[in-house]
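Chains A and B are the protein sequences, given in the same order.
So the first sequence is numbered by the working numbering: it starts at 1 and just counts up by one.
So the second sequence is numbered by the working numbering: it starts at 397 and just counts up by one.
The next block holds one structure in the form of C-alpha cells; read it before the comments.
2 protein chains.
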Amino acid sequence: MTDLPKKELFSLPEGVIYLDGNSLGPLPRKARARAAQVIDAEWGQELIKAWNTADWIGLPKQVGDRIGGLVGAPEGTIATGDTLSIKVYQALAAALKMRLDRKVILSDSGNFPSDLYMAEGLIETIDKGLELRTPAPEAVLEAITDEVAVVMLTQVDYRTGRMHDMQALTRAAHAAGAVMIWDLAHSAGAVPVDLMASEAEFAVGCTYKYLNGGPGAPAFIYVRPDLIETVEPALSGWMGHDAPFAMERHYRPAMTTERLRIGTPPIVQLSILEEAMNIWEGVDMAEIRAASIELSELFIREIEARCPDLTLASPRDPQQRGSQVSFAFDNSYPAMQALIAHDVIGDFRAPDIMRFGFTPLYLDADDIRVAAGRIERVFRDGLWRDPAYQTRSRVT
Amino acid sequence: MTDLPKKELFSLPEGVIYLDGNSLGPLPRKARARAAQVIDAEWGQELIKAWNTADWIGLPKQVGDRIGGLVGAPEGTIATGDTLSIKVYQALAAALKMRLDRKVILSDSGNFPSDLYMAEGLIETIDKGLELRTPAPEAVLEAITDEVAVVMLTQVDYRTGRMHDMQALTRAAHAAGAVMIWDLAHSAGAVPVDLMASEAEFAVGCTYKYLNGGPGAPAFIYVRPDLIETVEPALSGWMGHDAPFAMERHYRPAMTTERLRIGTPPIVQLSILEEAMNIWEGVDMAEIRAASIELSELFIREIEARCPDLTLASPRDPQQRGSQVSFAFDNSYPAMQALIAHDVIGDFRAPDIMRFGFTPLYLDADDIRVAAGRIERVFRDGLWRDPAYQTRSRVT
Numbered sequence: 001m002t003d004l005p006k007k008e009l010f011s012l013p014e015g016v017i018y019l020d021g022n023s024l025g026p027l028p029r030k031a032r033a034r035a036a037q038v039i040d041a042e043w044g045q046e047l048i049k050a051w052n053t054a055d056w057i058g059l060p061k062q063v064g065d066r067i068g069g070l071v072g073a074p075e076g077t078i079a080t081g082d083t084l085s086i087k088v089y090q091a092l093a094a095a096l097k098m099r100l101d102r103k104v105i106l107s108d109s110g111n112f113p114s115d116l117y118m119a120e121g122l123i124e125t126i127d128k129g130l131e132l133r134t135p136a137p138e139a140v141l142e143a144i145t146d147e148v149a150v151v152m153l154t155q156v157d158y159r160t161g162r163m164h165d166m167q168a169l170t171r172a173a174h175a176a177g178a179v180m181i182w183d184l185a186h187s188a189g190a191v192p193v194d195l196m197a198s199e200a201e202f203a204v205g206c207t208y209k210y211l212n213g214g215p216g217a218p219a220f221i222y223v224r225p226d227l228i229e230t231v232e233p234a235l236s237g238w239m240g241h242d243a244p245f246a247m248e249r250h251y252r253p254a255m256t257t258e259r260l261r262i263g264t265p266p267i268v269q270l271s272i273l274e275e276a277m278n279i280w281e282g283v284d285m286a287e288i289r290a291a292s293i294e295l296s297e298l299f300i301r302e303i304e305a306r307c308p309d310l311t312l313a314s315p316r317d318p319q320q321r322g323s324q325v326s327f328a329f330d331n332s333y334p335a336m337q338a339l340i341a342h343d344v345i346g347d348f349r350a351p352d353i354m355r356f357g358f359t360p361l362y363l364d365a366d367d368i369r370v371a372a373g374r375i376e377r378v379f380r381d382g383l384w385r386d387p388a389y390q391t392r393s394r395v396t
Numbered sequence: 397m398t399d400l401p402k403k404e405l406f407s408l409p410e411g412v413i414y415l416d417g418n419s420l421g422p423l424p425r426k427a428r429a430r431a432a433q434v435i436d437a438e439w440g441q442e443l444i445k446a447w448n449t450a451d452w453i454g455l456p457k458q459v460g461d462r463i464g465g466l467v468g469a470p471e472g473t474i475a476t477g478d479t480l481s482i483k484v485y486q487a488l489a490a491a492l493k494m495r496l497d498r499k500v501i502l503s504d505s506g507n508f509p510s511d512l513y514m515a516e517g518l519i520e521t522i523d524k525g526l527e528l529r530t531p532a533p534e535a536v537l538e539a540i541t542d543e544v545a546v547v548m549l550t551q552v553d554y555r556t557g558r559m560h561d562m563q564a565l566t567r568a569a570h571a572a573g574a575v576m577i578w579d580l581a582h583s584a585g586a587v588p589v590d591l592m593a594s595e596a597e598f599a600v601g602c603t604y605k606y607l608n609g610g611p612g613a614p615a616f617i618y619v620r621p622d623l624i625e626t627v628e629p630a631l632s633g634w635m636g637h638d639a640p641f642a643m644e645r646h647y648r649p650a651m652t653t654e655r656l657r658i659g660t661p662p663i664v665q666l667s668i669l670e671e672a673m674n675i676w677e678g679v680d681m682a683e684i685r686a687a688s689i690e691l692s693e694l695f696i697r698e699i700e701a702r703c704p705d706l707t708l709a710s711p712r713d714p715q716q717r718g719s720q721v722s723f724a725f726d727n728s729y730p731a732m733q734a735l736i737a738h739d740v741i742g743d744f745r746a747p748d749i750m751r752f753g754f755t756p757l758y759l760d761a762d763d764i765r766v767a768a769g770r771i772e773r774v775f776r777d778g779l780w781r782d783p784a785y786q787t788r789s790r791v792t
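Have a look at this one:
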C-alpha cells in the first residue's frame, strides 16, 4: 500500500489548493538542494570534469528509465531531453520513414495544437504531398484506413480530459498497417499506461505536468524495443551518435534508445527532474488512478451541486477521463482569474474551458471540499465580474 | 575602459587554472541565488502564475537580446531555447526553403560533427537528393559555386581555433546566390562578431561556453531582420505561434523572431543564463579580444619555450585564431588527464589535440604563467605516462 498523499514532499504555498498540476506540477521540496548541489558542487567545483565525475553524461538515460517505470516502458527504451514538440517531430519523422508508401498522418482535432503544428512543419519540410487529417476525436477510429501512414494521438485531451482507448486504437492502427505514436503529456504520472502491452511503436511526453519536473523540464520519447536498432532519429545530433566523442565525420546512430538524444542535455533541469522522480519511488499507478477518480468524482458532485451555471465539459464516466475535470462557462477567463485570486488554482483554455487537475500525490478529499466551497462563492456572488479579472495576461 | 578581469564574479575552485571555458564556462557566483529564486519563489510560490508574474514567458526574448548585444544582432533578432543542434537544423531547413532550385549544402570538414550530423538527418528527412559537401576549411571559399544552396560554417574551428573570415565568406556565398549560416559556438563572447555587418541570413550558437550559461544552457538563433516575417521555422512549435494560447488549429508564425521558438522554454536554465549575461554588462568585445590575444600569445611563447614535444595546432597568426590554442601531441589523452590532475584544466579532442581556451573575464597573465609552469613539469617529467591517466572516460 502506497503511503499517499505525499504532500509533505512538496512545497505548496500556504492556503492554496492547487488544481493545476496538469499544467505545471508543484515544487518538490528537495529540488532546490539538488539544484544547489549541481550548481555549486558539480558545475562550480568539478567544472568540465563533472560530465564524468557526476555522471552528467549518464543522467538522461537514468531519468528516462525512471519515467519508464511509470508508463510500462522497459529499461533502456526511453530517451530524455529537448521539448515535447521536438520529440513529436522526431517520432513522426521516424514513423513516416517506416511507411514511405503512404501519405496520410492521422491525428484528431482535440490534439494539443503544438503536436499538430509540428506535423505541419514536418509536412512542409518533406514537401511531398503528405496530408494531416484531424477528424473529431470520436471519429478517429473509423478514420484509420489503409491510406494512413501514422496515427498520432494524445491519449488524454488537454481541454476536456477525454481519454482515448490506447489498446483499441493501437490495434486498429496496426491492423491498417499504420505506425502508432502516443503523446502521454497528460498521461504520465496521471493514469496507468502500459506501453509495452499497447505495442505502440512510439510515445512521447513531457515531465513538467504530473511528473513535477519544473518549468521547461525536458521531454521524453519511447521507442518499442524491437525498433531501437533501426529507427531513424531524423534529428541526428552528436549525443545520439554511437561514439559522440570520437568526432567522426558521419552520423552513426547509437544501437540503443540514446540514438534519439540530440544535443547537450540540460543538466540542471534534468537533475531537478530526477529529484522529482524520486517521489514516485514505490508509488503504484493503480492506486494513484483510484485516488484520482475518487477526487474527481467528488469534485464533480460538489461543483454540480453548488454551481448550477457550470457545465461539465469532461466525460461523466471516470473510465473515459484522464486525471482532470473541465467545466465550460461563458466567462471562464475572468472566472478562473477570480478562482485563482481566491486560492483555487486551475487554468483556462480557450475558448471557454476551466480545467482542474487531480493529483493524489499532494491532494486529498479535504482539499477538494475546501476548493469546492471557494468555487461556489465565486460563482454564487458573481465575484468573477470584478473588472480586475477581465484583462487577459500574456499567458492564459 | 572595462574593468577586467571580472574574476571575482565567478566561483572557481581554489588553485585551479581553468583553460576550458571554451567547452563549459565556469559558475557565475550569482547563479545559485538566481536558481534558488526561480525554484523557491517563482515555481514554488507562484506556481503556474509565474509565467505572467515572473515574466517567464518573456524570458527567452530578454536573454536573446542580451546575447545579441555581444554579436552585433539588433534587439528582437535572436530567439533562444533548445540546443545548438536543433537550431542548426532549424536554420538549415529554413535556408533550404529559400533556395529550392539548388541541391548542395556546403560546410567544411572542420565543422563540429553535430552540425554535419544534423545536416545529414535533414537531408534524409527531405530525401530529394540534397548533398552535403565538406571540403577542407581552407578550400571552402573556392567551393562556393552556383550549385550551392546554403553555406553553413562554424566561424571558429573547435579543434584548432582557426577562424574563418566571416565577411569574405558571406560575401562569396551571396555572390553565388547562396544563403549563409554561421555557427558562433566558439565566437559568442570569444571574439567580436558583427552579424548585421556580415549580412549573413542566419546564425546559431550555444551559451554554455564563453557565455557561461551552465551545462546544457539553451542555444540561440539569429535571423537577419529583413527575413523575420518570411522565414519558415520548420520546427514549428506552439511557442513560435503568433498566438500560442489561442490554441488555433493551424500554425501561424509570430511576425517576430519568436517564430523560431519551438516548445516550452527551460526556465531554470534560462534564468541562470540571464544571470551569466549580467556579467557582460558594459564589457567591450574589442577589449576582450585584445586581452585574449595577449593571453594566448603569452601561452604559445611559454609552452613552445618549455615543452618542445608539443606542436602548435592552431594558426600562429592571432588574427586567424579564435580564443583558443591547441597543441598536438601523440599522447594527448593521458597528457590532458595529467594536466587536469595538476590543476590545469583544458580538454582533449580526438585524435591528438589538447585544447586551451582563453577567457579574459576570469584569466590574467599570471594564471597563464602558472599554468605554463605546471604544464612544463607534466611533460618534462613524463607524468602523463602514469597508468592512472591512460583509461578513457566516457566523456573525453
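Even for Gly, the Cβ is constructed at its ideal location relative to N, Cα and C.
Checklist entry - Can you list, in chain order, the residues of its chain whose CB lies under 6 Å from that of residue 340 (chain A), leaving out five sequence neighbours each side? => result Here residue 340 (chain A) is taken as the residue at index 340 of the first sequence, counted from 1. Closer than 6 Å at the Cβ level, and outside the excluded window around residue 340 (chain A), lies no residue.
Checklist entry - If we call anything under 8 Å between Cβ atoms a contact, is residue 186 (chain A) one with residue 22 (chain A)? => result Within the first sequence, numbered from 1, the residue matching residue 186 (chain A) stands at position 186. Within the first sequence, numbered from 1, the residue matching residue 22 (chain A) stands at position 22. Residue 186 (chain A) is a Cβ neighbour of residue 22 (chain A), given a cutoff of 8 Å.
Next on the checklist: For a test of the three-state rule: what should DSSP assign to residue 412 (chain B), helix, strand or coil?
Outcome noted: In the second sequence, counting from the first residue as 1, residue 412 (chain B) sits at position 16. In the structure shown, residue 412 (chain B) falls within a coil segment according to DSSP collapsed to helix, strand and coil.
Checklist entry - If we ignore side chains and look at the alpha-carbon of each, how far apart do residue 776 (chain B) and residue 700 (chain B) end up? => result Indexing the second sequence from 1 puts residue 776 (chain B) at position 380. Indexing the second sequence from 1 puts residue 700 (chain B) at position 304. Looking at the two C-alpha atoms, the distance is approximately 13 Å.
Checklist entry - Checking contacts by CB at 8 Å: is residue 236 (chain A) closer than that to chain B? => result Counted from its first residue, the first sequence places residue 236 (chain A) at position 236. Chain B contact via Cβ: present.
Checklist entry - Leaving out the 5 sequence neighbours to the left and right, which residues in its chain are closer than 7 Å to residue 414 (chain B) when beta-carbon positions are compared? => result Along the second sequence, read from residue 1 onward, the residue named residue 414 (chain B) stands at position 18. Excluding its 5 nearest sequence neighbours in each direction, residue 414 (chain B) has C-beta neighbours in its own chain below 7 Å: 408, 422, 741, listed in chain order.
Item to check | CA-to-CA distance, residue 572 (chain B) to residue 542 (chain B), given in whole angstroms | outcome: Mapped onto the second sequence, residue 542 (chain B) falls at position 146. Mapped onto the second sequence, residue 572 (chain B) falls at position 176. Looking at the two C-alpha atoms, the distance is approximately 5 Å.
Checklist entry - Comparing alpha-carbon positions, which option in A:360, A:239, A:263, A:327 lies nearest residue 283 (chain A)? => result As a first step, residue 283 (chain A) must be located in the first sequence, where it is residue number 283. When each option's Cα is compared against that of residue 283 (chain A), the closest is A:360.
Checklist entry - Is the CB-CB distance between residue 615 (chain B) and residue 483 (chain B) below 8 Å? => result On the second sequence, position 219 is the one that residue 615 (chain B) refers to. On the second sequence, position 87 is the one that residue 483 (chain B) refers to. Yes. Within cutoff.
Next on the checklist: As a quick exercise: from A:319, A:296, A:234, pick the residue whose alpha carbon is nearest that of residue 263 (chain A).
Outcome noted: Locating residue 263 (chain A) in the first sequence gives position 263, counting from the first residue. Nearest option by C-alpha distance: A:234.
Checklist entry - Expressed to the nearest angstrom, what Euclidean distance is found between the alpha-carbon atoms of residue 318 (chain A) and residue 279 (chain A)? => result Counted from its first residue, the first sequence places residue 318 (chain A) at position 318. Counted from its first residue, the first sequence places residue 279 (chain A) at position 279. Looking at the two C-alpha atoms, the distance is approximately 25 Å.
Checklist entry - Taking the Cβ atom as the reference point for each residue, do residue 535 (chain B) and residue 501 (chain B) lie within a distance shorter than 8 Å? => result Translated into the one-based positions of the second sequence, residue 535 (chain B) becomes position 139. Translated into the one-based positions of the second sequence, residue 501 (chain B) becomes position 105. Not closer than 8 Å, so no.
Checklist entry - Listed from N- to C-terminal order along the chain, which residues in the segment 78–90 of chain A have their beta-carbon within a distance smaller than 7 Å of any beta-carbon of chain E? => result Going by chain labels, chain E is absent from the structure shown, which instead holds the protein chains A and B.
Checklist entry - Who pairs with residue 720 (chain B) in a beta bridge, going by DSSP? => result Residue mapping note: residue 720 (chain B) aligns to position 324 of the second sequence, counting from 1. For residue 720 (chain B), which the question treats as bridged, DSSP gives the partners B:753.
Next on the checklist: Within a Cβ cutoff of 6 Å, which residues of the same chain sit near residue 277 (chain A), ignoring the five residues on either side of it in sequence?
Outcome noted: In the first sequence, counting from the first residue as 1, residue 277 (chain A) sits at position 277. Taking C-beta separations shorter than 6 Å and ignoring five residues to either side along the sequence, the partners of residue 277 (chain A) in its chain run 66, following chain order.
Item to check | 3 or more residues per run - each beta strand (DSSP E) lying fully within the segment 594–618 of chain B | outcome: Inside the segment 594–618 of chain B, DSSP marks whole beta strand (DSSP E) runs of 3 or more residues at positions 598–601, from first to last along the chain.
Item to check | For residue 711 (chain B), the residue or residues it bridges with in DSSP | outcome: One-based indexing of the second sequence puts residue 711 (chain B) at position 315. Beta-bridge partners assigned by DSSP to residue 711 (chain B): none are found.
Checklist entry - From the beta carbon of residue 121 (chain A), is the nearest beta carbon of chain B less than 8 Å away? => result Your numbering for residue 121 (chain A) matches position 121 in the first sequence. The C-beta of residue 121 (chain A) comes closer than 8 Å to at least one C-beta of chain B.
Item to check | Nearest-angstrom Cβ-Cβ length linking residue 354 (chain A) and residue 393 (chain A), presumed shorter than 8 Å | outcome: Counting from one through the first sequence, the residue named residue 354 (chain A) turns up at place 354. Counting from one through the first sequence, the residue named residue 393 (chain A) turns up at place 393. Wrong, their Cβ atoms sit about 15 Å apart, outside the cutoff.
Item to check | Buried versus exposed, by CB contacts within 10 Å (16 or more), residue 387 (chain A) | outcome: Against the first sequence, residue 387 (chain A) aligns to sequence position 387. Residue environment: residue 387 (chain A) is assigned as exposed (fewer than 16 neighbouring CB atoms within 10 Å of its CB, all protein chains considered).
Checklist entry - Cα separation between residue 442 (chain A) and residue 761 (chain B)? => result The structure shown does not extend to residue 442 (chain A), since chain A is modelled only from 1 through 396, so no value can be given for it.
Item to check | For residue 481 (chain B), the three-state DSSP class (helix, strand or coil) | outcome: The residue given as residue 481 (chain B) occupies position 85 in the second sequence. Looking at residue 481 (chain B) - three-state DSSP - the assignment turns out to be helix.
Next on the checklist: Let me check one thing: in DSSP terms, what residues is residue 745 (chain B) bridge-paired to?
Outcome noted: In the second sequence, the residue the question calls residue 745 (chain B) occupies position 349. DSSP output for residue 745 (chain B) lists B:749 as bridge partner(s).
Next on the checklist: According to DSSP, simplified to helix, strand and coil, what is residue 268 (chain A)?
Outcome noted: Your numbering for residue 268 (chain A) matches position 268 in the first sequence. Shown here, residue 268 (chain A) sits in a helix according to DSSP, grouped into three states.
Next on the checklist: Within 8 Å of any Cβ in chain A, is that where the Cβ of residue 437 (chain B) sits?
Outcome noted: Numbered from 1 along the second sequence, position 41 holds the residue referred to as residue 437 (chain B). Look at residue 437 (chain B): its C-beta is not under 8 Å from any C-beta on chain A.
Checklist entry - Are the beta-carbon atoms of residue 151 (chain A) and residue 169 (chain A) separated by less than 8 Å? => result Along the first sequence, read from residue 1 onward, the residue named residue 151 (chain A) stands at position 151. Along the first sequence, read from residue 1 onward, the residue named residue 169 (chain A) stands at position 169. Yes.
Checklist entry - Ordered along the chain, which non-local residues of its own chain (more than five positions away) have a Cβ less than 7 Å from that of residue 694 (chain B)? => result Start at 1 with the first residue of the second sequence, and residue 694 (chain B) comes out as number 298. Take residue 694 (chain B), set aside five residues on each side of it, and the residues of its chain with a beta-carbon closer than 7 Å to its own are 761, 764, in chain order.
Next on the checklist: Using 8 Å as the cut-off, can you tell me whether the segment 617–629 of chain B makes contact with the segment 648–662 of chain B, which would need three or more C-beta pairs spanning the two stretches below that distance?
Outcome noted: Taking 8 Å as the limit for Cβ pairs, the verdict is that the segment 648–662 of chain B does touch the segment 617–629 of chain B.
Item to check | C-alpha gap between residue 450 (chain B) and residue 555 (chain B), whole angstroms | outcome: Reading the second sequence from its first residue, position 54 is the one you call residue 450 (chain B). Reading the second sequence from its first residue, position 159 is the one you call residue 555 (chain B). Each residue's CA atom was taken as its position, placing residue 450 (chain B) and residue 555 (chain B) some 40 Å apart.
Checklist entry - With respect to 7 Å, is the separation between the Cβ of residue 517 (chain B) and the closest non-hydrogen atom of the ligand NAP below this value? => result Judged by which ligands are present, the structure shown has none, so any question about the ligand NAP falls away.
Checklist entry - When the distance is taken between beta carbons, is residue 153 (chain A) closer than 8 Å to residue 407 (chain A)? => result This structure leaves residue 407 (chain A) out entirely; chain A is present only between 1 and 396.
Next on the checklist: Does any residue of chain B have a CB that is nearer than 8 Å to the CB of residue 266 (chain A)?
Outcome noted: As a working mapping, residue 266 (chain A) is identified with position 266 in the first sequence. Output row for residue 266 (chain A): interface = yes.
Checklist entry - What residues in the segment 362–392 of chain A have a beta carbon less than 7 Å from any beta carbon of chain B? => result When C-beta distances to chain B are compared with 7 Å, every residue of the segment 362–392 of chain A stays at or above that value.
Item to check | Closest residue to residue 521 (chain B) among B:439, B:734, B:488 (Cα-Cα distance) | outcome: Residue numbering aside, residue 521 (chain B) sits at position 125 when the second sequence is read from its first letter. Minimum Cα distance to residue 521 (chain B) is reached at B:488.
Checklist entry - If we count the other Cβ atoms within 10 Å of its Cβ and call it buried at 16 or more, is residue 295 (chain A) buried or exposed? => result For this step, residue 295 (chain A) is matched to residue 295 along the first sequence. With 16 or more other Cβ atoms within 10 Å, it is buried.
Checklist entry - Can the beta-carbon of residue 236 (chain A) be found closer than 8 Å to that of residue 517 (chain B)? => result What you label residue 236 (chain A) is simply residue 236 of the first sequence in a count that begins at 1. What you label residue 517 (chain B) is simply residue 121 of the second sequence in a count that begins at 1. Contact flag set, yes.
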